[in-house]
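Participant: If you scroll down you'll find the structure; I have some questions about it.
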Amino acid sequence: MSSDTNAFQRPAMGSGGKSTQDAWFQRGLALAGASVLIILAAMLISTAMNAWPVFTHSGWSFITSSDWDPGISRTEITGSYGALSFILGTLITSTIALLIAVPLAIGCSLYLTQIARPSIGRPLAYAVDLLAAVPSVVYGLWGLLFFVPIFVRPMIKVIADTVGEAVPFLGSPVVTYNYATAGIVLAIMVLP
């Protein structure tokens, strides 16, 4: 043994059993965490204060009505604001997306971890990880410009011709920009 092995000794311990660097690091982390919570609280308070006049003007009809007429005044609340159609659209597309994505994601993960050889599973796992890095705006543009015209439009027309009006979320008359299309694109987005 040489005397160089003593060069890597632990820093001097404080009275609490931790080094002073650890204590400063913990204080810095606590300050960073508290600042994030304070900023989040400020954002929520600011949003609530700016939105409160609409809630006092519309009352419960904001949630129960689907009328959306912002009015013509920029200084006063003169319109009617009903978010029911937005809420229902969100619930329908999210349900469709989850019905598609959850079984597909479970199947993919089981295949990648249990069945696939490492030479196949590892590159596919990297590809799935890359899907998580794509921004949602890119998914939306891809769905609008590529996925809908090439894949969804023919698929929905076949389904509408065979099933007819039995599938309510396809829309009537059958259009390709509907809840089903949004749900499929959203399912691909949440898959990773």
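So the sequence shown is numbered by our numbering: it starts at 122 and just counts up by one.
No residue lacks a Cβ here, since even glycine has one placed at the ideal position from N, Cα and C.
Which residue wins for smallest C-alpha separation from residue 271, given the options 311, 158 and 302?
Facilitator: Of the candidates 311, 158 and 302, the one whose C-alpha sits nearest the C-alpha of residue 271 is 302.
Participant: Have a look at 215, 283 and 227 and flag the residue whose alpha-carbon is nearest the alpha-carbon of residue 308.
Facilitator: Nearest C-alpha to residue 308: 215.
Participant: Mark residue 187 as exposed unless 16 or more other C-beta atoms lie within 10 angstroms of its C-beta, in which case mark it buried.
Facilitator: Residue 187 should be labelled exposed.
Participant: In or out: residue 269 buried (at least 16 other Cβ within 10 Å) or exposed?
Facilitator: Per the 10 Å Cβ criterion, buried.
Participant: Could you please give the first and the last residue of the uninterrupted alpha helix (DSSP H) stretch that includes residue 171?
Facilitator: That run of the alpha helix (DSSP H) goes 141-179.
Participant: Anyone know if the C-beta pair for residue 150 and residue 222 falls short of 8 Å?
Facilitator: Cβ atoms of residue 150 and residue 222: not closer than 8 Å.
Participant: Can you tell me where the alpha helix (DSSP H) with residue 242 in it begins and where it stops?
Facilitator: Unbroken alpha helix (DSSP H) run through residue 242: 239-253.
Participant: In chain order, what residues of the same chain have a beta carbon less than 6 Å from the beta carbon of residue 304, not counting five sequence neighbours either side?
Facilitator: Cβ neighbours of residue 304 beyond the five flanking positions: 214, 217 and 218.
Participant: For the alpha helix (DSSP H) containing residue 224, name the first residue and the last one.
Facilitator: Per DSSP, residue 224 belongs to the alpha helix (DSSP H) from 205-231.
Participant: Using the C-alpha atoms, what's the distance from residue 249 back to residue 235?
Facilitator: Roughly 16 Å separates the two Cα atoms.
Participant: Apply the 10 Å Cβ neighbour rule to residue 164 and answer buried if 16 or more other Cβ atoms are within range, or exposed otherwise.
Facilitator: It counts as exposed.
Participant: What does the Cβ neighbour count give for residue 170, buried or exposed, with the cut at 16 atoms within 10 Å?
Facilitator: So residue 170 ends up on the exposed side.
Participant: Nearest CA to the CA of residue 255: which residue from 306, 278 and 152?
Facilitator: Cα-wise, what sits closest to residue 255 is 306.
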